[in-house]
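Asker:
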Amino acid sequence: MQYIALLRAVNVGGKNTIKMAELRDALTANGLARVQTYIQSGNIVFDSDEHPEVVGSQIENVIETRFGFPVDVIVRTLAEFDDIVLNQPYPKPETTDPADSRPAKLYVALLREPAGEDALSSLDRYTSDQEHYRVIGREIYLCLQHGAGQSKLAPRIQTLGIPATARNWTTIEKLRAIGHQAAQKND
147 MQYIALLRAV NVGGKNTIKM AELRDALTAN GLARVQTYIQ SGNIVFDSDE
197 HPEVVGSQIE NVIETRFGFP VDVIVRTLAE FDDIVLNQPY PKPETTDPAD
247 SRPAKLYVAL LREPAGEDAL SSLDRYTSDQ EHYRVIGREI YLCLQHGAGQ
297 SKLAPRIQTL GIPATARNWT TIEKLRAIGH QAAQKND
(Lines of atoms letter the chains of each structure in order from A and count residues from 1; the text may use other names and numbers.)
(Lines give C-alpha, C1' and ligand atoms only; values in the text may rest on other atoms or scores of the structure.)
Protein backbone atom coordinates (compact mmCIF):
# COMPACT_ATOMS: atom_id res chain seq x y z
CA MET A 1 0.00 0.00 0.00
CA GLN A 2 1.18 3.50 -0.81
CA TYR A 3 1.68 5.77 2.22
CA ILE A 4 2.66 9.34 2.95
CA ALA A 5 4.26 10.08 6.32
CA LEU A 6 4.82 13.55 7.74
CA LEU A 7 7.35 14.21 10.46
CA ARG A 8 6.67 16.92 13.02
CA ALA A 9 9.31 19.58 13.72
CA VAL A 10 12.38 18.23 11.95
CA ASN A 11 15.05 20.46 10.39
CA VAL A 12 13.48 23.58 11.92
CA GLY A 13 15.82 26.21 13.31
CA GLY A 14 18.77 23.83 13.42
CA LYS A 15 16.96 21.43 15.74
CA ASN A 16 16.05 17.79 15.17
CA THR A 17 18.26 17.67 12.11
CA ILE A 18 17.78 14.72 9.78
CA LYS A 19 19.43 14.38 6.39
CA MET A 20 16.77 13.01 4.07
CA ALA A 21 19.19 10.67 2.25
CA GLU A 22 20.13 9.09 5.59
CA LEU A 23 16.47 8.80 6.53
CA ARG A 24 15.63 7.09 3.22
CA ASP A 25 18.45 4.60 3.75
CA ALA A 26 17.42 3.90 7.36
CA LEU A 27 13.77 3.37 6.46
CA THR A 28 14.63 1.14 3.51
CA ALA A 29 16.93 -0.94 5.73
CA ASN A 30 14.00 -1.34 8.13
CA GLY A 31 11.60 -2.78 5.59
CA LEU A 32 9.88 0.12 3.87
CA ALA A 33 9.88 -0.07 0.07
CA ARG A 34 10.47 2.57 -2.60
CA VAL A 35 11.10 5.32 -0.02
CA GLN A 36 11.16 8.88 -1.38
CA THR A 37 11.42 12.14 0.51
CA TYR A 38 10.27 15.60 -0.49
CA ILE A 39 12.01 18.72 0.81
CA GLN A 40 13.73 18.87 4.18
CA SER A 41 10.67 19.25 6.41
CA GLY A 42 10.15 15.51 6.74
CA ASN A 43 7.78 14.29 4.04
CA ILE A 44 8.08 10.62 3.09
CA VAL A 45 6.34 8.60 0.37
CA PHE A 46 6.75 4.81 0.54
CA ASP A 47 5.17 1.38 0.21
CA SER A 48 4.41 -1.05 3.01
CA ASP A 49 2.06 -3.94 3.64
CA GLU A 50 1.76 -2.97 7.31
CA HIS A 51 -1.15 -1.16 8.97
CA PRO A 52 -0.74 2.67 9.18
CA GLU A 53 -0.29 2.72 12.98
CA VAL A 54 2.37 0.00 12.75
CA VAL A 55 4.22 1.92 10.04
CA GLY A 56 4.04 5.16 12.03
CA SER A 57 5.50 3.49 15.12
CA GLN A 58 8.16 1.83 12.99
CA ILE A 59 9.26 5.17 11.53
CA GLU A 60 9.28 6.81 14.98
CA ASN A 61 11.45 3.98 16.34
CA VAL A 62 13.89 4.17 13.41
CA ILE A 63 14.29 7.93 13.85
CA GLU A 64 14.80 7.77 17.60
CA THR A 65 17.29 4.90 17.28
CA ARG A 66 19.21 6.25 14.28
CA PHE A 67 19.06 10.01 14.89
CA GLY A 68 18.74 10.12 18.68
CA PHE A 69 15.55 12.08 19.28
CA PRO A 70 11.81 11.38 19.26
CA VAL A 71 9.63 12.68 16.43
CA ASP A 72 5.87 12.43 16.01
CA VAL A 73 4.97 10.79 12.70
CA ILE A 74 1.59 11.24 11.05
CA VAL A 75 0.77 8.60 8.42
CA ARG A 76 -1.92 8.66 5.73
CA THR A 77 -2.64 6.30 2.86
CA LEU A 78 -2.56 7.72 -0.65
CA ALA A 79 -6.36 7.34 -0.76
CA GLU A 80 -6.63 9.42 2.42
CA PHE A 81 -4.38 12.06 0.84
CA ASP A 82 -6.72 12.10 -2.17
CA ASP A 83 -9.57 12.80 0.25
CA ILE A 84 -7.60 15.60 1.89
CA VAL A 85 -7.31 17.33 -1.48
CA LEU A 86 -10.85 16.57 -2.64
CA ASN A 87 -12.46 17.67 0.64
CA GLN A 88 -10.57 20.97 0.88
CA PRO A 89 -13.36 23.37 1.92
CA TYR A 90 -11.89 26.67 0.74
CA PRO A 91 -11.52 28.12 -2.74
CA LYS A 92 -8.04 27.60 -4.16
CA PRO A 93 -5.94 30.20 -2.35
CA GLU A 94 -5.39 33.45 -4.14
CA THR A 95 -2.93 36.01 -2.94
CA THR A 96 -3.87 39.64 -2.50
CA ASP A 97 -0.30 40.77 -3.14
CA PRO A 98 0.75 40.44 -6.80
CA ALA A 99 4.39 40.28 -5.71
CA ASP A 100 3.59 37.13 -3.74
CA SER A 101 2.25 34.48 -6.10
CA ARG A 102 2.60 31.56 -3.67
CA PRO A 103 -0.60 29.74 -2.69
CA ALA A 104 0.72 29.64 0.86
CA LYS A 105 -2.33 30.97 2.65
CA LEU A 106 -3.94 27.55 2.97
CA TYR A 107 -2.52 24.94 5.32
CA VAL A 108 -3.61 21.53 6.47
CA ALA A 109 -2.87 20.28 9.97
CA LEU A 110 -2.90 16.48 9.98
CA LEU A 111 -3.76 14.97 13.35
CA ARG A 112 -2.96 11.45 14.49
CA GLU A 113 -6.56 11.08 15.66
CA PRO A 114 -9.67 13.26 15.54
CA ALA A 115 -9.79 16.10 18.04
CA GLY A 116 -12.68 16.31 20.48
CA GLU A 117 -15.22 19.12 20.33
CA ASP A 118 -13.96 20.70 23.56
CA ALA A 119 -10.40 20.82 22.28
CA LEU A 120 -11.49 22.24 18.94
CA SER A 121 -13.64 24.91 20.57
CA SER A 122 -10.48 26.22 22.24
CA LEU A 123 -9.34 27.32 18.76
CA ASP A 124 -12.38 29.53 18.21
CA ARG A 125 -11.07 32.48 20.21
CA TYR A 126 -8.12 32.73 17.79
CA THR A 127 -10.26 32.96 14.66
CA SER A 128 -11.05 36.17 12.82
CA ASP A 129 -12.01 37.28 9.34
CA GLN A 130 -8.28 36.87 8.54
CA GLU A 131 -7.83 33.43 10.12
CA HIS A 132 -10.30 30.58 10.26
CA TYR A 133 -10.44 26.81 10.13
CA ARG A 134 -12.60 23.86 9.11
CA VAL A 135 -12.31 20.35 10.50
CA ILE A 136 -12.89 17.29 8.33
CA GLY A 137 -12.05 14.02 10.04
CA ARG A 138 -8.43 14.08 11.23
CA GLU A 139 -7.58 17.19 9.22
CA ILE A 140 -7.85 20.84 10.18
CA TYR A 141 -7.84 23.12 7.15
CA LEU A 142 -6.44 26.54 8.02
CA CYS A 143 -7.06 29.63 5.90
CA LEU A 144 -4.52 32.22 7.05
CA GLN A 145 -4.57 35.50 5.14
CA HIS A 146 -1.09 36.49 6.32
CA GLY A 147 0.47 33.02 6.29
CA ALA A 148 1.44 30.77 9.18
CA GLY A 149 4.41 32.81 10.39
CA GLN A 150 2.24 35.60 11.77
CA SER A 151 -0.75 33.49 12.68
CA LYS A 152 -2.27 33.40 16.14
CA LEU A 153 -4.40 30.39 15.19
CA ALA A 154 -1.83 28.04 13.62
CA PRO A 155 0.37 27.53 16.71
CA ARG A 156 -2.72 26.63 18.75
CA ILE A 157 -3.05 23.34 16.86
CA GLN A 158 -0.26 21.98 19.07
CA THR A 159 -2.34 22.74 22.18
CA LEU A 160 -5.01 20.20 21.21
CA GLY A 161 -3.10 17.44 22.98
CA ILE A 162 -2.90 15.29 19.85
CA PRO A 163 0.24 14.72 17.77
CA ALA A 164 -0.16 16.87 14.65
CA THR A 165 1.86 18.52 11.92
CA ALA A 166 0.91 21.09 9.29
CA ARG A 167 1.88 21.60 5.67
CA ASN A 168 1.06 24.33 3.20
CA TRP A 169 -1.24 23.54 0.30
CA THR A 170 1.59 23.42 -2.25
CA THR A 171 3.30 20.66 -0.25
CA ILE A 172 0.04 18.73 0.15
CA GLU A 173 -0.56 18.77 -3.61
CA LYS A 174 3.05 17.83 -4.37
CA LEU A 175 3.04 14.88 -1.96
CA ARG A 176 -0.17 13.61 -3.50
CA ALA A 177 1.37 13.85 -6.98
CA ILE A 178 4.54 12.02 -5.86
CA GLY A 179 2.36 9.33 -4.29
CA HIS A 180 0.43 8.81 -7.51
CA GLN A 181 3.63 8.70 -9.58
CA ALA A 182 5.05 6.07 -7.24
CA ALA A 183 1.83 4.06 -7.34
CA GLN A 184 1.88 4.04 -11.16
CA LYS A 185 5.44 2.71 -11.16
CA ASN A 186 4.31 -0.12 -8.90
CA ASP A 187 1.52 -1.24 -11.25
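Letter by letter, the sequence shown follows residues 147 to 333 of our numbering.
For each residue, glycine too, the CB sits at the ideal point set by N, CA and C.
1) Secondary structure at Thr316, three-state DSSP: helix, strand or coil?
2) Mind listing, in chain order, the continuous beta strand (DSSP E) runs of no fewer than 3 residues lying wholly within the segment 249-279?
3) For Glu168, tell me which candidate among His278, Val158, Gln182, Gly159 has the shortest Cα-Cα distance.
4) For Val221 and Ala151, which I take to be in contact (beta-carbon distance under 8 Å), what is that distance rounded to the nearest angstrom?
5) Considering only residues of the same chain and omitting the five flanking positions on each side of Asp171, which have a CB-CB separation below 6 Å?
6) Relative to the alpha-carbon of Gln330, which residue among Leu290, Val208, Leu224 has its alpha-carbon at the smallest distance?
7) Mapping DSSP to helix, strand and coil, what is Leu152?
8) Using three-state DSSP, classify Thr305 as helix, strand or coil.
9) Quick one: what does DSSP say Val191 is sitting in, helix, strand or coil?
10) In its own chain, which residues sit with a C-beta less than 7 Å from the C-beta of Ile324, not counting the 5 before and 5 after it?
11) Report the rounded CA-to-CA distance for Asp229 versus Gly283, giving the unit in angstroms.
12) Would you check if the segment 269-280 and the segment 292-299 touch, i.e. whether three or more CB-CB distances between them fall below 8 Å?
13) Val158: buried (16+ other C-beta within 10 angstroms of its C-beta) or exposed?
14) For Leu299, which three-state DSSP category applies?
Answerer: Walking through what the data contain:
1) helix
2) 252-257
3) Comparing Cα positions, the closest option is Gln182.
4) 5 Å
5) none
6) Leu224
7) strand
8) helix
9) Val191 falls in the strand class under three-state DSSP.
10) Annotation for Ile324: Gln182, Tyr184, Val191 place their beta carbon closer than 7 Å to its own, counting only its chain and skipping 5 residues before and after.
11) Distance between the alpha carbons of Asp229 and Gly283 is about 10 Å.
12) yes
13) exposed
14) coil
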